[in-house]
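Here is the structure we will look at.
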Amino acid sequence: MHTNTKSMGKYEILYVIGIIAISFSSIFIRWSNAEVSVIAMYRMYLTNLLMLPLLWSYRGEIARLTAKQWGRLMFSGLMLGLHFLLWMGSLRLTTVASSTVILTLEPIIVMFGSFFLFGAKINKAMILGVSLALIGSIAIGSGDFALSGAAVTGDLLSLLGTVAVAVHILVGKQLLQTISAFVYNFLVFAVAGTSMAVYNLVAGIRFTGYEPREWGIFLLLAIVPTLFGHYLFNWLMKYLSASAVSMAVLGEPVFASLLAWMLLKESLTPLQLSAGVLILCGVWIFIRYGKETPAGMPENAEVLNAGQEGKAS
């Protein structure tokens, strides 16, 4: 029992780090003047560049990938690229709070997707945690869902981007049972970046000529929300359920809205601050008491498997 608690404590610390990291994404994107597809492309490619020094040690694993695994990796990467294109595009049309709130539908899609695809159980704590967090999320963005036609379009793009990232997570959960997190992340990021490169080429969007400030933003996006956010959450999926990992996105509007208030001068009301506390309570309930397990599997199996994988690595 003591070992399990200690192990989960480590994952929870990394979980919080990941939430804070991804919350910077919307801020960096709003700072940039480049097209969203260019931002996404260089975000992925620069992440690949930072990972490149370690790639050689994984060459054997990459060579052993099957055609089926390659197909799923490419599909997962395409879904991630589509998510970036749609969600980042939404930030130009609506506020940070509104876009990130809609993104919080992701864990609901993943939770029910895990139920139908993997036979994972859904318990009362999971439903309570998601419900509390969703109510809080709606309160945070309640002021700008109907500001204008542009805001409605932005909200729709955010919704479609949410569906895409939910599919990406569900496919990733399956793949990460058989391949390392490094290989998964490197190849999925490469596919996502290439899909954006193709889009930019077809759309006639320039690849070069950006100011040093823009390159600095691209690099920040690669390091903070990607390596310390997306990469970390994909690694955690080897030890936690897909629903638990996707719940992290519910903490994003809390930190993203605080950052937007401090750095972008967007308004933040007492109601939204109170809602932030409600969201974090919902996430905590889900992670602590909402154990999603495949049908017929004991509830502590996931933690036990995590311990075994940690010993093997």
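Reminder that position 268 of the sequence shown reads as 268 in the UniProt record's numbering, one-by-one numbering, no gaps.
In this text, a Cβ means the ideal position worked out from N, Cα and C, and glycines have one as well.
Can you tell me the Cα-Cα spacing of residue 332 and Arg-92, whole angstroms?
The shown model of the chain, from 1 to 313, leaves out residue 332, and the question about it has no answer.
Quick check: the Cα distance between Phe-80 and Trp-87, rounded to an integer number of angstroms?
Note that residue 80 corresponds to Leu in the displayed sequence, not to Phe. So the alpha carbons of these two residues sit roughly 10 Å apart.
Using the Cα positions of Leu-78 and Glu-211, report the straight-line distance between them to the nearest angstrom.
For Leu-78 and Glu-211, the distance between alpha carbons rounds to 28 Å.
Is Ala-197 closer than 7 Å to Trp-235 when the C-beta atoms are compared?
No. Outside cutoff.
Using the beta-carbon count (16 or more within 10 Å), is Pro-53 buried or exposed?
That one is exposed.
For the putative contact between Thr-47 and Leu-250, defined by C-beta atoms under 8 Å, what is the C-beta separation to the nearest angstrom?
Between Leu-250 and Thr-47 the Cβ distance is about 24 Å, and since that is not below 8 Å, they are no contact.
Name the residue from Leu-201, Ser-267 and Leu-240 whose alpha carbon lies nearest to the alpha carbon of Gly-9.
Minimum Cα distance to Gly-9 is reached at Leu-240.
Between the C-alpha atoms of Val-191 and Met-74, what's the straight-line distance to the nearest angstrom?
So the alpha carbons of these two residues sit roughly 6 Å apart.
What do you get for Leu-201, buried or exposed, if any count of 16 or more other CB atoms within 10 angstroms of its CB means buried?
Classification for Leu-201: exposed.
Can you list, in chain order, the stretches of the alpha helix (DSSP H) that have 4 or more residues and sit fully within the segment 210-256?
Counting whole runs of 4 or more residues, the segment 210-256 contains the alpha helix (DSSP H) stretches 212-221, 232-236 and 242-246.
Measuring only the C-alpha atoms, how far is Ala-21 from Ala-63?
Going from the Cα of Ala-21 to the Cα of Ala-63 covers about 32 Å.
Does Leu-52 come out as helix, strand or coil in the three-state DSSP assignment?
In this structure, Leu-52 counts as helix in the three-state DSSP scheme.
At which residues does the alpha helix (DSSP H) containing Asn-185 begin and terminate?
Note, Asn-185: alpha helix (DSSP H), 181-203.
Residue range of the alpha helix (DSSP H) that residue 336 falls in?
Nothing in the structure corresponds to residue 336, since the chain is present only between 1 and 313.
CB Ser-246 to CB Ile-169, shorter than 7 Å?
Closer than 7 Å, so yes.
Secondary structure at Leu-14, three-state DSSP: helix, strand or coil?
Of the three classes helix, strand and coil, the one that applies to Leu-14 here is helix, per DSSP.
Classify Lys-265 as helix, strand or coil using the three-state DSSP reduction.
Three-state DSSP puts Lys-265 in coil, outside helix and strand.
Note down the Cα distance separating Leu-259 from Met-126, rounded to an integer number of angstroms.
Distance between the alpha carbons of Leu-259 and Met-126 is about 28 Å.
Quick check on this structure: which residue in Trp-56, Met-44 and Trp-70 has the alpha carbon closest to the alpha carbon of Phe-84?
Measuring from the Cα of Phe-84, the nearest candidate turns out to be Met-44.
Suppose you measure from the CA of residue 314 to the CA of Gly-193; what does that come to, to the nearest Å?
For residue 314 there is no data in the structure shown, the boundaries of the chain being 1 and 313.
Taking the C-alpha atoms as reference points, what is the distance between Ile-217 and Phe-228?
Those two C-alpha atoms are separated by around 15 Å.
How is Ser-32 classed by DSSP in three states: helix, strand or coil?
Coil at Ser-32, not helix or strand.
Just verifying my parser: in three-state terms, what is the DSSP assignment at Thr-153?
Of the three classes helix, strand and coil, the one that applies to Thr-153 here is helix, per DSSP.
Within this structure, are the beta carbons of Ala-275 and Gly-136 separated by less than 7 Å?
Yes; because the gap between Cβ atoms is below 7 Å, this pair is in contact.
Assuming contact is defined by CB atoms lying nearer than 7 Å, are Leu-128 and Ile-287 in contact in what I supplied?
Not in contact: Leu-128 and Ile-287 (Cβ atoms no closer than 7 Å).
On the CB-based measure, 16 or more other CB atoms within 10 Å of its CB, does Thr-94 come out buried or exposed?
The residue in question, Thr-94, is buried, as its Cβ has 16 or more Cβ neighbours within 10 Å.
Spatial neighbours of Phe-189 within its chain, please: CB distance less than 6 Å, with the 5 preceding and 5 following residues excluded, ordered by chain position.
If we look at Phe-189 and ignore the five residues flanking it on each side, its Cβ neighbours are Met-44, Thr-47 and Asn-48.
Since Leu-176 is in the alpha helix (DSSP H), which residue starts that stretch and which ends it?
Taken as a continuous stretch (DSSP letters only), Leu-176 belongs to no alpha helix (DSSP H), as it is neither H nor E.
May I ask which residues mark the beginning and end of the alpha helix (DSSP H) holding Leu-271?
From DSSP, the alpha helix (DSSP H) with Leu-271 extends over 270-289.
Which residue marks the beginning of the alpha helix (DSSP H) containing Arg-59, and which one marks its end?
Taken as a continuous stretch (DSSP letters only), the alpha helix (DSSP H) holding Arg-59 covers 59-63.
Evaluate Asn-4 with the Cβ neighbour count: other Cβ atoms within 10 Å of its Cβ, from every protein chain shown; 16 or more gives buried, anything less gives exposed.
Here Asn-4 scores only 42 on pLDDT, less than 50, and its place in the model is too uncertain to base an answer on.
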